[in-house]
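Asks: Sharing a structure, written as structure tokens. Questions coming.
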Amino acid sequence: MPATKHTLVALVENKPGVLNRVASLFRRRGFNIESIAVGPCETPQLSRMTIVVDGATTMVEQVRKQLDKVIDVVRVSDITDEEIVARELALLKVKATSATRSEIIQIVDIFRANIVDVANDSVTVEVTGDEDKINSLTNLLRGFGIKEVARTGRIAMLRGGPGPIVPEAPANGRGRREPEREAPG
Amino acid sequence: MKMSGGQIVCECLIKEGVDLVFGILGGAILPLYDVLPQYPQIHHVLVRHEQGAAHAADGYARATGKVGVCFATSGPGATNLVTGIANANLDSVPVVAITGQVARPFIGKDAFQEVDITGITLPITKHNYLVTDAGSIARTIKEAFFLARTGRPGPVLVDIPRDVFIEEAEFHYPTKVNLPGYKPVLHGHPAQIKKAVKLINEAQRPLIIAGRGVIISGAYDQFRYLAETAQVPVVTTLLGIGCFPESHVLSYGMVGMHGMAYANMAVNNADLIIAIGMRFDDRATAKVAGFAPSAKIIHIDIDPAEIGKNVRVDVPIVGDVKEVLDELNRTIAKTEHVDWITQMDAWRREHPVTVVKDGGGLIPQFVIRQIYEVTKGETLVVTGVGQHQMWAAQHYWYDRPNSFISSGGLGTMGFGLPASLGVKMGRPGETVWCIDGDGSFQMTLHELATVVQEKAAIKIAIIDNGYLGMPRQWQELLYAKRYVASRLIGPDFVKLAEAYGIPALRVTRREEVTAAIERAMAEPGPFLIDFMVEPEENVYPMVPPGAALTEVLEEPKPLAKALADSGRLPNV
Numbered sequence: 254m255p256a257t258k259h260t261l262v263a264l265v266e267n268k269p270g271v272l273n274r275v276a277s278l279f280r281r282r283g284f285n286i287e288s289i290a291v292g293p294c295e296t297p298q299l300s301r302m303t304i305v306v307d308g309a310t311t312m313v314e315q316v317r318k319q320l321d322k323v324i325d326v327v328r329v330s331d332i333t334d335e336e337i338v339a340r341e342l343a344l345l346k347v348k349a350t351s352a353t354r355s356e357i358i359q360i361v362d363i364f365r366a367n368i369v370d371v372a373n374d375s376v377t378v379e380v381t382g383d384e385d386k387i388n389s390l391t392n393l394l395r396g397f398g399i400k401e402v403a404r405t406g407r408i409a410m411l412r413g414g415p416g417p418i419v420p421e422a423p424a425n426g427r428g429r430r431e432p433e434r435e436a437p438g
Numbered sequence: 012m013k014m015s016g017g018q019i020v021c022e023c024l025i026k027e028g029v030d031l032v033f034g035i036l037g038g039a040i041l042p043l044y045d046v047l048p049q050y051p052q053i054h055h056v057l058v059r060h061e062q063g064a065a066h067a068a069d070g071y072a073r074a075t076g077k078v079g080v081c082f083a084t085s086g087p088g089a090t091n092l093v094t095g096i097a098n099a100n101l102d103s104v105p106v107v108a109i110t111g112q113v114a115r116p117f118i119g120k121d122a123f124q125e126v127d128i129t130g131i132t133l134p135i136t137k138h139n140y141l142v143t144d145a146g147s148i149a150r151t152i153k154e155a156f157f158l159a160r161t162g163r164p165g166p167v168l169v170d171i172p173r174d175v176f177i178e179e180a181e182f183h184y185p186t187k188v189n190l191p192g193y194k195p196v197l198h199g200h201p202a203q204i205k206k207a208v209k210l211i212n213e214a215q216r217p218l219i220i221a222g223r224g225v226i227i228s229g230a231y232d233q234f235r236y237l238a239e240t241a242q243v244p245v246v247t248t249l250l251g252i253g254c255f256p257e258s259h260v261l262s263y264g265m266v267g268m269h270g271m272a273y274a275n276m277a278v279n280n281a282d283l284i285i286a287i288g289m290r291f292d293d294r295a296t297a298k299v300a301g302f303a304p305s306a307k308i309i310h311i312d313i314d315p316a317e318i319g320k321n322v323r324v325d326v327p328i329v330g331d332v333k334e335v336l337d338e339l340n341r342t343i344a345k346t347e348h349v350d351w352i353t354q355m356d357a358w359r360r361e362h363p364v365t366v367v368k369d370g371g372g373l374i375p376q377f378v379i380r381q382i383y384e385v386t387k388g389e390t391l392v393v394t395g396v397g398q399h400q401m402w403a404a405q406h407y408w409y410d411r412p413n414s415f416i417s418s419g420g421l422g423t424m425g426f427g428l429p430a431s432l433g434v435k436m437g438r439p440g441e442t443v444w445c446i447d448g449d450g451s452f453q454m455t456l457h458e459l460a461t462v463v464q465e466k467a468a469i470k471i472a473i474i475d476n477g478y479l480g481m482p483r484q485w486q487e488l489l490y491a492k493r494y495v496a497s498r499l500i501g502p503d504f505v506k507l508a509e510a511y512g513i514p515a516l517r518v519t520r521r522e523e524v525t526a527a528i529e530r531a532m533a534e535p536g537p538f539l540i541d542f543m544v545e546p547e548e549n550v551y552p553m554v555p556p557g558a559a560l561t562e563v564l565e566e567p568k569p570l571a572k573a574l575a576d577s578g579r580l581p582n583v
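Protein sequences, first through last, are from chains A and B. First residue of the first sequence? That's 254 in my numbering, and the numbers climb one at a time after it. First residue of the second sequence? That's 12 in my numbering, and the numbers climb one at a time after it.
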């Protein structure tokens, strides 16, 4: 089954207003964004954005091309069909009493998650993984009562390989895009 | 040498070859205006509203292929540019807008005449900048001009705070730009070119749909070579008019909502569409689902994001039209399509849309045709937006390159007069006719003062029907003649022109038309003619909104009947 959720990675210039340009583009073109995560990358003047788009509701190829048109966006690629490592981090604040705390800790251990804060009536759990893992843990903890959830959205990277998110253009002076890959329609 | 920010802006403009700027001054941009007299090579045209500055810069850019420049102050000055910038953006016109901003310490404080113009224009510019120190003005303006004119052209706005104009910095104009995220693809992919050539050589019923990309790229010769060698009939979009001589045997006029019936029929029956420098706008395609049902589509465009955006494409070629056509032409075979062209000629005979009926009252089509006859087609036509624009597109034959200048994508009423000013100032040796509607003209008529001030010898033809004609036509045809708010009481345009110092005539009968146009042509300066035309004349052919190109309606009766037959309710 083809994945409907697409992971796009964009390297953007680390300048004021770039996030606004990207967000404005999504709004204007009616693109549905599941998540967007932004942070520094290996090159100081660039930032890295990981964007998850639902392919069922949004034309992913248009998202990629429109993003590429933004002058401050240096490079974009859809890495959905590549071998990737994808992770998300979540913080879950769960209601806990002396009676339930040890059960919560057991569940957290099974998920290789961590308790990062303990209070009288709650514990805060830090969990890293793909969305499925975070969703499963959230579902399991829901029975205890979840007070607060914070999630980062997906970040992703190609497995192995040379490093940059996409191979550079073939050195034939024909640009960096392979027009044959343009999806018809 | 140290210079003020204002001086640096002027030095940059000179380096970019700018000798003409349209604008209006105001508090935040005063320090720039203060140094303008030090640069007499830059002629500043004081317009009467900033929208006029943006349209004039736009018209100048379209007519010359150079970057048009406009100035405005902060706040309302900048927001008044917005319509003009959006217009340039949708039609891919290279314009650089320089706006004053409140001084840096006041930014974000809702200061007097402060607006976030970079935020406001973000979705309607190719790129924009807020300059935060005088030392980065030169690099920014270099980038702005580079971005505006290369790749798919478009407007770039540079917002400069008042105190940055005053701040001093060293001036060095960079020779190169550093834009790692901007690399327009110019050459077509060889494998795609090969596929396209194969399709063209094998096609039985090929058709070229050409857009303004051909004009922007200056690919007239390459385009003509392709059409003639492969014997492919040519139709154009509204803005593609002027990319190929309309009297050429292979030219079949304009497609789309008000395109020629035979052009639309050709699209419906073609087995190959070669779309060149156009973007499948909904006014050109009509209902996408019914567009070119039996055709494969080759799409040549410099903007990869246009490929597959509106219409499925079989062979996309991303690149500059001129480069791509050069590459295509190298291997294109000499072909003939006698049957197909015979068929198209038959359609043209059966659906003679460009015939102007004899006798009767003064109709707009007759006026446009007479302008063509009297000027022998040797004029640049600039239009506003509305019925008159469609008649000007249909009933004048544009044989000369880039001789039709009009607002396509945004459909900006009021574009005509200020754009004519920019066109005339960009190509002063040409005769410029501004064909406008009474509604469209009234949106920017204050620029008559600028026309007089600049002694710009523009000939203005107002197609005066006392209505906002295009919406009235829709109300007549789609809303059971409920003319809500479309009746327009105009001023006496002749007296109005005279008040501005422009000689003018009123024409109410067919017999007076030729003499009036000749009179206008004889006048060394600007001249205005108010053509009082039949008020309820409609633009035909017409593809009703939401219909496919096949549902082209050519005369009032069949249209009413077709609407009744289909039980269609207006949905727009």
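Where is the CB? At the ideal position from N, CA and C, for every residue including glycine.
With DSSP as the reference, label valine 175 of chain B as helix, strand or coil.
Replies: In the structure shown, valine 175 of chain B sits in a helix (DSSP, three-state: H, G or I).
Asks: When the distance is taken between beta carbons, is histidine 269 of chain B closer than 8 Å to valine 550 of chain B?
Replies: Cβ atoms of valine 550 of chain B and histidine 269 of chain B: closer than 8 Å.
Asks: I think valine 347 of chain A touches serine 389 of chain A, with their Cβ atoms under 8 Å apart; what is that distance to the nearest whole Å?
Replies: Valine 347 of chain A to serine 389 of chain A, Cβ: 14 Å. No contact.
Asks: Do tryptophan 402 of chain B and glutamine 376 of chain B have their CB atoms nearer than 8 Å?
Replies: Yes, the pair counts as a contact, with Cβ atoms nearer than the cut-off.
Asks: Contact check, serine 305 of chain B vs asparagine 321 of chain B under 8 Å by CB: the rounded distance?
Replies: Actually they are not in contact, since the Cβ atoms of serine 305 of chain B and asparagine 321 of chain B sit about 18 Å apart, beyond 8 Å.
Asks: For alanine 436 of chain A, decide whether its Cβ has a neighbour in chain B, counting only Cβ atoms nearer than 8 Å.
Replies: Note that alanine 436 of chain A has pLDDT 36, beneath the 50 cutoff, so the model's placement of it is unreliable and the number below is only indicative. With 8 Å as the cut-off, alanine 436 of chain A counts as an interface residue toward chain B.
Asks: Tell me whether aspartate 584 of chain B is buried or exposed, calling it buried when 16 or more other Cβ atoms sit within 10 Å of its Cβ.
Replies: There is simply no residue 584 of chain B to check, as chain B begins at 12 and stops at 583 in what is shown.
Asks: Which residue's Cα is closest to the Cα of threonine 151 of chain B: B:Asp174, B:Gly130, B:Thr186?
Replies: Cα-wise, what sits closest to threonine 151 of chain B is B:Thr186.
Asks: How about glutamine 398 of chain B and glutamine 453 of chain B: do their beta carbons lie closer than 8 Å?
Replies: Not a contact, by the Cβ cut-off of 8 Å.
Asks: Is the beta carbon of lysine 120 of chain B within less than 7 Å of some heavy atom of the ligand NAD?
Replies: Summarising the ligand content, the structure contains no ligands, and the ligand NAD is consequently not present.
Asks: Would you mind sorting proline 535 of chain B into buried or exposed? The rule is 16 or more other CB atoms within 10 Å of its CB.
Replies: With fewer than 16 Cβ atoms within 10 Å of its Cβ, proline 535 of chain B is classed as exposed.
Asks: Below 8 Å, how does it come out for the stretch 167 to 183 of chain B and the stretch 104 to 116 of chain B: are there three or more Cβ pairs, yes or no?
Replies: Yes: the two stretches touch, three or more of their Cβ pairs being nearer than 8 Å.
Asks: When you compare the stretch 308 to 326 of chain B with the stretch 260 to 277 of chain B, are there three or more beta-carbon pairs, one atom per stretch, that lie closer than 8 Å?
Replies: Touching, no.
Asks: Name, please, each residue of chain A whose Cβ falls closer than 8 Å to the Cβ of alanine 316 of chain B.
Replies: The contacting residues are Gln315, Lys318, Gln319, Asp321, Lys322.
Asks: How many Å lie between lysine 137 of chain B and valine 316 of chain A at the Cα?
Replies: Approximately 17 Å between the Cα atoms of the pair.
Asks: Hey, leucine 218 of chain B and alanine 277 of chain B are a contact pair by Cβ (cut 8 Å); roughly how many whole angstroms apart?
Replies: Yes, leucine 218 of chain B and alanine 277 of chain B are in contact; Cβ-Cβ is about 5 Å, under 8 Å.
Asks: Looking at valine 378 of chain B: is its Cβ nearer than 8 Å to the Cβ of phenylalanine 542 of chain B?
Replies: Taking 8 Å as the Cβ cut-off, valine 378 of chain B and phenylalanine 542 of chain B qualify as a contacting pair.
Asks: Let me check one thing: in DSSP terms, what residues is isoleucine 285 of chain B bridge-paired to?
Replies: Note: isoleucine 285 of chain B sits in a beta bridge opposite B:Ile219, B:Ile309.
Asks: Taking CB distances under 8 Å as the criterion, tell me whether arginine 365 of chain A reaches chain B.
Replies: It does not: the Cβ of arginine 365 of chain A has no partner Cβ on chain B nearer than 8 Å.
Asks: Please return the same chain residues whose Cβ sits closer than 6 Å to the Cβ of histidine 348 of chain B, not counting the five positions on each side in sequence.
Replies: Counting only Cβ-Cβ distances below 6 Å, and skipping sequence neighbours, we find Gln242.
Asks: Check the DSSP bridge columns for asparagine 139 of chain B and list the partner residues they point to.
Replies: According to DSSP, which records beta bridges pairwise, asparagine 139 of chain B is partnered with B:Leu168.
Asks: Flag this pair as yes or no: are the beta carbons of glycine 433 of chain B and phenylalanine 33 of chain B separated by less than 8 Å?
Replies: Cβ distance < 8 Å, so glycine 433 of chain B and phenylalanine 33 of chain B count as in contact.
Asks: Would you kindly work out how many angstroms separate the C-alpha atoms of glutamate 317 of chain B and lysine 322 of chain A, rounded to a whole number?
Replies: Near 11 Å, if we compare the C-alpha coordinates of lysine 322 of chain A and glutamate 317 of chain B.
Asks: Show which residues of chain A have a CB atom less than 8 Å away from the CB atom of histidine 348 of chain B.
Replies: Correct list: empty, because the minimum Cβ distance to chain A is about 25 Å.
Asks: Name, please, each residue of chain B whose Cβ falls closer than 8 Å to the Cβ of valine 327 of chain A.
Replies: Within chain B, the residues near valine 327 of chain A are Pro191, Gly192.
Asks: At the 8 Å Cβ level, is serine 277 of chain A part of the contact set with chain B, yes or no?
Replies: Closer than 8 Å to some Cβ of chain B, the Cβ of serine 277 of chain A qualifies, so yes.
Asks: Tell me the DSSP bridge mates of arginine 498 of chain B?
Replies: Arginine 498 of chain B is bridged to B:Tyr478.
Asks: Who are the neighbours of arginine 274 of chain A on chain B, taking C-beta pairs under 8 Å?
Replies: What arginine 274 of chain A touches in chain B: Leu133.
Asks: Evaluate glutamate 522 of chain B with the Cβ neighbour count: other Cβ atoms within 10 Å of its Cβ, from every protein chain shown; 16 or more gives buried, anything less gives exposed.
Replies: Burial call: exposed.
Asks: Please report the distance separating the alpha-carbon of glutamate 154 of chain B from that of arginine 365 of chain A.
Replies: For glutamate 154 of chain B and arginine 365 of chain A, the distance between alpha carbons rounds to 51 Å.
Asks: Assign glycine 438 of chain A to buried or exposed, taking buried as 16 or more other Cβ atoms, counted over all protein chains shown, within 10 Å of its Cβ.
Replies: Residue placement at glycine 438 of chain A is flagged as unreliable, the pLDDT there being 33, under the threshold of 50; a coordinate-derived value is accordingly withheld.
Asks: Strictly below 7 Å CB to CB, what residues from chain A border leucine 158 of chain B?
Replies: Within chain A, the residues near leucine 158 of chain B are Ile324.
Asks: What residues from chain B crowd round glutamate 481 of chain A, counting only those whose CB sits closer than 8 Å?
Replies: The requested residue 481 of chain A is not part of the displayed model; chain A covers only 254 to 438.
Asks: For serine 85 of chain B, does the three-state DSSP call read helix, strand or coil?
Replies: Correct three-state label for serine 85 of chain B: coil.
Asks: Of all Cβ atoms in chain A, is any one closer than 8 Å to the Cβ of histidine 138 of chain B?
Replies: With 8 Å as the cut-off, histidine 138 of chain B counts as an interface residue toward chain A.
Asks: Taking the straight line between their C-alpha atoms, what separation do you get for glycine 396 of chain A and proline 116 of chain B?
Replies: Spanning the two alpha carbons is a distance of roughly 53 Å.
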